[in-house]
Amino acid sequence: MSHTNPIMNAMNICKLFEDAEAAVRWMMAKKLLKSSQLCGKCGRELHFRTTGINNAEGCKWVCTTHACKSWSCSVRRGSMFAGSKASLKQAVLLLYYWGNNTTVKETAEEVNLTRQMVAKYFKEIRLVLINSIEQTGPMIGGIGTTVEIDETKITKRKHNKEWLVGGICQETKDVFLKQVERRDAETLTSVIQDNVLIGTRLVTDCWCGYNRLAQVGFAHDTVNSLNFLSPNNALIQTQNEENLWRWLKEYLKQKGTNRLRNLNEYLAEYVFRRMHPNAFESIIEAIGRETEDS
Numbered sequence: 001m002s003h004t005n006p007i008m009n010a011m012n013i014c015k016l017f018e019d020a021e022a023a024v025r026w027m028m029a030k031k032l033l034k035s036s037q038l039c040g041k042c043g044r045e046l047h048f049r050t051t052g053i054n055n056a057e058g059c060k061w062v063c064t065t066h067a068c069k070s071w072s073c074s075v076r077r078g079s080m081f082a083g084s085k086a087s088l089k090q091a092v093l094l095l096y097y098w099g100n101n102t103t104v105k106e107t108a109e110e111v112n113l114t115r116q117m118v119a120k121y122f123k124e125i126r127l128v129l130i131n132s133i134e135q136t137g138p139m140i141g142g143i144g145t146t147v148e149i150d151e152t153k154i155t156k157r158k159h160n161k162e163w164l165v166g167g168i169c170q171e172t173k174d175v176f177l178k179q180v181e182r183r184d185a186e187t188l189t190s191v192i193q194d195n196v197l198i199g200t201r202l203v204t205d206c207w208c209g210y211n212r213l214a215q216v217g218f219a220h221d222t223v224n225s226l227n228f229l230s231p232n233n234a235l236i237q238t239q240n241e242e243n244l245w246r247w248l249k250e251y252l253k254q255k256g257t258n259r260l261r262n263l264n265e266y267l268a269e270y271v272f273r274r275m276h277p278n279a280f281e282s283i284i285e286a287i288g289r290e291t292e293d294s
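Every letter in the sequence shown is one number past the one before it in full-length UniProt numbering, and letter 184, counting from 1, is 184.
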């Protein structure tokens, strides 16, 4: 967690925005807003300006070149908040309430926005998470660790990507979750190689789709799919994986979705929250990386 000007609650966020310039500069420091901009006419670097009104929306970037006649742009340009109807204060509060797993209904009441706007904003956050996990999400396992692997169906509806493959490390509880169209050996081996470090001890059920794992650098044990235990060694089990499916399905139920539409977004959110106990600070960092790269 960042130790620079930490914000821990909604009251502190509101207090920060009492000084509009300080709030905008804080957002720039966190890379939620770009800390520099180029003129859309001459290409030169713009100058940061504030109006006499103490409102974050009054801060802008201005070109001082005479030929450009004070060409200007919003501080939101190039950020996640460009084009949003929410104020910058509301935007940061939305991040805070999302980070605290507050419902759309409760967040709408706290931030004074419609449920539709909050739901749309939360969706944009989940889309950021997909990129964040792909870019920064570590492969799980490693030499000396055991990862339990299994596949399940989140919904009974027919869909091209109806299988969900998951793994959980017994030692660290790190997880991966991937949607797949098939659970054949080629697909499962590829998914596992992309998400689990070579040298890891893998535990799966006896499904034939896992038969190639020992050939590609993994130690591989199997369990009885009826009781999740090996008949020869009680220490070989996939009970953590079964618990993961139960927790995930309960999480999706709480989110009001148990269907495959947008499932990848909710899977990303679930994994992100497991990886980052302080989801508020972590989502700020993830958005900051996207803003910096845009």
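Think of the CB as a built atom: it goes at the ideal place given N, C-alpha and C, for glycine as much as any other residue.
To the nearest angstrom, report how far apart residue i and residue j are at their CA atoms.
i: Cys68; j: Glu18; result: 33 Å
i: Gly217; j: Lys105; result: 48 Å
i: Lys178; j: Arg25; result: 38 Å
i: Asp150; j: Lys253; result: 21 Å
i: Gly40; j: Leu46; result: 9 Å
i: Leu267; j: Pro138; result: 16 Å
i: Glu162; j: Tyr97; result: 31 Å
i: Gly209; j: Glu186; result: 8 Å
i: Ile284; j: Asp205; result: 39 Å
i: Met27; j: Val118; result: 20 Å
i: Ala219; j: Ser190; result: 16 Å
i: Ser294; j: Gln90; result: 23 Å
i: Trp247; j: Thr152; result: 13 Å
i: Lys15; j: Thr51; result: 20 Å
i: Ala164; j: Gln239; result: Correcting the residue type first, residue 164 is Leu in the shown sequence and not Ala. Their backbone Cα atoms lie some 17 Å apart in a straight line.
i: Asn211; j: Pro277; result: 36 Å
i: Trp71; j: Asp184; result: 58 Å
i: Val111; j: Cys73; result: 26 Å
i: Cys169; j: Ser35; result: 40 Å
i: Leu188; j: Val92; result: 40 Å
i: Met8; j: His66; result: 44 Å
i: Thr102; j: Ala29; result: 26 Å
Under the three-state reduction of DSSP, which class applies to residue i: helix, strand or coil?
i: Asp205; result: coil
i: His66; result: helix
i: Glu162; result: coil
i: Leu229; result: The predicted position of Leu229 is uncertain, since its pLDDT is 46 and thus under 50; no value can be drawn from it.
i: residue 299; result: Lying outside 1 to 294, the shown extent of the chain, residue 299 is not represented and no answer is given.
i: Lys123; result: helix
i: Lys153; result: strand
i: Phe272; result: helix
i: Lys85; result: coil
i: Thr291; result: helix
i: Gly78; result: coil
i: Thr103; result: coil
i: Thr187; result: helix
i: Arg246; result: helix
i: Lys253; result: helix
From the DSSP output, which residues share a beta bridge with residue i?
i: Val147; result: Cys169 and Leu202
i: Ser72; result: Val62
i: Leu177; result: Gly166
i: Ile140; result: Val196
Since residue i and residue j are thought to touch, with beta carbons under 8 Å apart, how far apart are those beta carbons, to the nearest angstrom?
i: Asp174; j: Ile140; result: 4 Å
i: Leu94; j: Ala86; result: 7 Å
i: Lys31; j: Glu281; result: Wrong, their Cβ atoms sit about 13 Å apart, outside the cutoff.
i: Thr145; j: Glu171; result: 5 Å
i: Met80; j: Glu124; result: 7 Å
i: Gly128; j: Ala286; result: The displayed chain sequence assigns Val, not Gly, to residue 128. Right, their Cβ atoms sit about 5 Å apart.
i: Val203; j: Glu148; result: 5 Å
i: Lys60; j: Arg49; result: 6 Å
**Asked** Counting only runs that start and end within the segment 4 to 55, where is the alpha helix (DSSP H) found for 4 or more residues in a row?
**Response** 10 to 16 and 20 to 29
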